[in-house]
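In my numbering, the protein residues as written are 7 to 295.
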Amino acid sequence: MVNFNTIGELAALAAEAQQPIHEIVIQRECHVSQTPRNEIMESMGQNWATMKASIERGISNTEKSLSGLTGGDAKKLFAYRRQGYMGEQVLAAAAYAVGISEVNAVMGRIVACPTAGSCGIVPAALYAAQQERKLTDEQMVRALFTAAGIGMVIDQNASIAGAEGGCQAECGTAAGMAAGALVELAGGTPAQVGNAVALAIKNLLGLVCDPVAGLVEVPCVKRNGFAAIVAMLAADMTLAGIDSVIPVDEVIDAMNRIGKALPKSLRETSEGGLAVTKTAQAIEQKLYG
């Protein structure tokens, strides 16, 4: 059985087999689930189709969430994308990520990747790459397996839950998953995939989970947009030849320790951070009395 518990082990298996990381992850999934490869690929293809549908809905959505806190921002950002400082591709990716999160907020269909609160980051970064580089859906499906393997390792060694590790566990993990997948899509080595994961996560360490009124809307939706850009920059830094001084598995260990050190008030309880500002408390009072 192909097995791995760290990104280092995953990268070593891929390098030894002279295969990309997604192949190692697919082999493991076939063995663990006792499911034929074609069925696994088809299932991930359905996930990708759902992700793309949520992007298209998100960037045209004007529907407000039940709370009224979110909705329509992705459409605004997408319309603005050719005017901004950061360039059309980057702003489109941010709009995709915000859009998917807004679809989640109006109870639309999304893929939790790795969680509902961070659902926009991986698909947004990958869809932006697909649009820019004219990549096939088959390539994107393989990239999702790379992302899945990264997420699996982080879940084993730290956490992907905001209630356990803060938003670094959700948006940080998703950014790492996206960064690694982007590097592999560009032909990067397994070691470079790990390096991109490290760069992405390092810059979201300590990010707290402080949802206003207990809803996965403020600041969660816009954080997805910012984290998608972190993922893309981590991939580009890696492909440019920039290395993370701290190895990826040590970064994941640090994220785990930071998550455990965060007070309960900053781990999805809405008892700290932005959730207890005057405006947030007024929103909560209005919503719940």
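Every residue, glycine too, gets a C-beta built ideally from N, C-alpha and C. For clarity, every value in this text was computed on a predicted model and none was experimentally measured.
By a C-beta neighbour count over all protein chains shown, 10 Å radius and 16 as the cutoff for buried, is residue i buried or exposed?
| i | result |
| --- | --- |
| residue 216 | buried |
| residue 19 | buried |
| residue 295 | exposed |
| residue 168 | buried |
| residue 120 | buried |
| residue 229 | buried |
| residue 155 | buried |
| residue 136 | buried |
| residue 196 | buried |
| residue 138 | exposed |
| residue 292 | exposed |
| residue 106 | buried |
Please work out which residues of its chain come closer than 7 Å, Cβ to Cβ, to residue i, disregarding the five sequence neighbours upstream and downstream, and give them in chain order.
| i | result |
| --- | --- |
| residue 244 | 189, 194, 198, 201, 202 and 205 |
| residue 94 | 87 and 88 |
| residue 81 | 65, 66, 67 and 68 |
Please confirm whether residue i and residue j have their CB atoms less than 8 Å apart.
| i | j | result |
| --- | --- | --- |
| residue 157 | residue 142 | no |
| residue 191 | residue 145 | yes |
| residue 233 | residue 127 | yes |
| residue 27 | residue 36 | no |
| residue 134 | residue 98 | yes |
| residue 75 | residue 214 | no |
| residue 219 | residue 166 | no |
| residue 11 | residue 159 | yes |
| residue 111 | residue 71 | yes |
| residue 207 | residue 182 | yes |
| residue 277 | residue 270 | yes |
| residue 51 | residue 147 | yes |
By alpha-carbon positions, which one of the options ends up nearest to residue i?
| i | options | result |
| --- | --- | --- |
| residue 2 | 17, 9 and 253 | Residue 2 cannot be examined here, being either before or after the span of the chain that is shown, 7 to 295. |
| residue 124 | 58, 71 and 175 | 175 |
| residue 211 | 12, 271 and 259 | 259 |
| residue 2 | 237, 295, 294 and 75 | Absent from the structure is residue 2, since the part of the chain shown begins at 7 and ends at 295. |
| residue 172 | 72, 264 and 116 | 264 |
| residue 164 | 261, 213, 103 and 221 | 261 |
| residue 114 | 166, 253, 88 and 57 | 57 |
| residue 235 | 82, 138, 17 and 101 | 101 |
| residue 40 | 140, 275, 16 and 7 | 7 |
| residue 310 | 24, 43 and 61 | What is shown of the chain runs 7 to 295, which leaves residue 310 out entirely. |
| residue 281 | 226, 109, 66 and 88 | 226 |
| residue 170 | 242, 15, 274 and 49 | 274 |
| residue 151 | 138, 139, 129 and 140 | 129 |
| residue 239 | 147, 184, 277 and 108 | 184 |
| residue 108 | 90, 73 and 92 | 73 |
| residue 118 | 242, 270, 29 and 153 | 153 |
Closer than 7 Å to a non-hydrogen atom of the ligand PLP - does that hold for the CB of residue i?
| i | result |
| --- | --- |
| residue 189 | Among the components of this structure there are no ligands whatsoever, and the ligand PLP is therefore not found. |
DSSP has residue i in a bridge; who is on the other side?
| i | result |
| --- | --- |
| residue 273 | 215 |
Can you name, in chain order, every residue of its own chain whose Cβ lies under 6 Å from the Cβ of residue i, other than the five neighbours on each side?
| i | result |
| --- | --- |
| residue 222 | 123 |
| residue 14 | 255 |
| residue 49 | none |
| residue 17 | 196, 197 and 200 |
Can you give me the Cβ contacts of residue i inside the same chain, cut-off strictly under 8 Å, excluding the 5 residues immediately before and after it?
| i | result |
| --- | --- |
| residue 267 | none |
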